[in-house]
Amino acid sequence: MSFEFLSLETIQEIAKHYGYWAVFLGIALESLGIPIPGETITIVGGFLAGSGELDYWLVLGTASIGAVLGSSVGYWIGKLGGWTLLQRAGRLFRISEAQLMEVKREFGENAGRAVFFGRFVAFLRILASPMAGIVEMPFPQFMLFNLAGATVWASVMVTLSFFLGRIIPLEQLISWVAKFAIVALILVVAWFVVPGWLESRKLKQSSVSDQPPAPGE
């Protein structure tokens, strides 16, 4: 799923003109839940650091802080009014209350993993923090996964673009990151789905084995 409604040339101009503020606000707004290309802005920031136009550590710091702060605001938006908004969206798209409750339950059981690993997937990066608030994940626990995920994500993106940006075109680098995001999405979905599927299968097998034998057997 892509939210790249700005051209790469436009993003580069924004990053060059506003520098660290562009990186900070880009990823902060995306982490808050606003679908803008924050990850691409961060990659461009790392690329500019590699070319000497920005400082590596300042790009890394602003990306990390922006990600943490944006996600924290998203968490409180979800906690204070997210469930009501989700119910309204459910009625709009004809999703039943029972289905929404099931989504809430499933996310609540995997909230920590979603907040941490969702940082690497555009769609989950936007939704994970508000959903953590909706399921009332304890804020200290949320911040632990939020800080860890934001730091690891920013380190990977900025360092990758800092070094690889010196030897390959920026367009190619962003294309590779987009492909990685697809793989990451598959892995995250599998992480959520497979344990539940195995547990469900185990319960079914247990239920069958507990049934009394049929007469005559």
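Okay, so the sequence shown: first residue is 65 according to the working numbering, each after it adds one. All C-beta atoms, glycine included, are put in the ideal place defined by N, C-alpha and C.
Rounded straight-line distance, which links the Cα of Phe226 to that of Ser115: In the sequence shown, counting from the first residue as 1, residue 115 sits at position 51. In the sequence shown, counting from the first residue as 1, residue 226 sits at position 162. If you take the alpha carbons of Ser115 and Phe226, they lie about 8 Å apart.
Under 8 Å between C-beta atoms of Phe171 and Ala178: Taking the sequence shown and counting its residues from 1, one reaches residue 171 at position 107. Taking the sequence shown and counting its residues from 1, one reaches residue 178 at position 114. Yes, the pair counts as a contact, with Cβ atoms nearer than the cut-off.
Under the three-state DSSP convention, the category Asn174 falls into: Here residue 174 is taken as the residue at index 110 of the sequence shown, counted from 1. If DSSP states are grouped into helix, strand and coil, Asn174 belongs with coil.
Where Leu149 falls, given that 16 or more other Cβ within 10 Å makes a residue buried: Taking the sequence shown and counting its residues from 1, one reaches residue 149 at position 85. Counting Cβ neighbours within 10 Å, Leu149 comes out exposed, since fewer than 16 surround it.
Alpha-carbon to alpha-carbon, Ser136 and Glu200: On the sequence shown, position 136 is the one that residue 200 refers to. On the sequence shown, position 72 is the one that residue 136 refers to. Straight-line Cα distance between these residues: approximately 13 Å.
Exposed unless 16 or more other CB atoms sit within 10 angstroms - verdict on Met165: On the sequence shown, position 101 is the one that residue 165 refers to. Its Cβ having fewer than 16 others within 10 Å, Met165 is exposed.
Residue nearest to Ile91 in terms of C-alpha spacing, selected from Tyr82, Gly83 and Glu103: If you number the sequence shown from 1, residue 91 lands on position 27. That would be Glu103, whose Cα lies nearest to the Cα of Ile91.
Segments of 4+ residues assigned as alpha helix (DSSP H) that fall wholly inside the stretch 189 to 236: 203 to 228
Runs of beta strand (DSSP E) lying entirely within the stretch 96 to 159, each at least 3 residues, in chain order: none
CA-to-CA distance, Gly154 to Ser160, given in whole angstroms: For this step, residue 160 is matched to residue 96 along the sequence shown. For this step, residue 154 is matched to residue 90 along the sequence shown. So the two alpha carbons sit approximately 7 Å from each other.
Burial state of Arg169, where buried means 16 or more other Cβ atoms lie within 10 Å: Position 105 of the sequence shown holds residue 169. Exposed is the call here.
Per-residue DSSP class, three states only, for Gly182: Walking along the sequence shown from the start, residue 182 turns up at place 118. Note: Gly182 maps to helix in three-state DSSP.
For Ala131 and Leu93, the rounded distance between their alpha carbons: Counted from its first residue, the sequence shown places residue 93 at position 29. Counted from its first residue, the sequence shown places residue 131 at position 67. C-alpha separation (whole angstroms): 8 Å.
Beta carbon of Ala138 nearer than 8 Å to that of Ile198: Here the question's residue 138 lines up with position 74 in the sequence shown. Here the question's residue 198 lines up with position 134 in the sequence shown. Looking at the sequence shown, residue 138 is not Ala but Gly. No, Cβ-Cβ distance for Gly138 and Ile198 is not below 8 Å.
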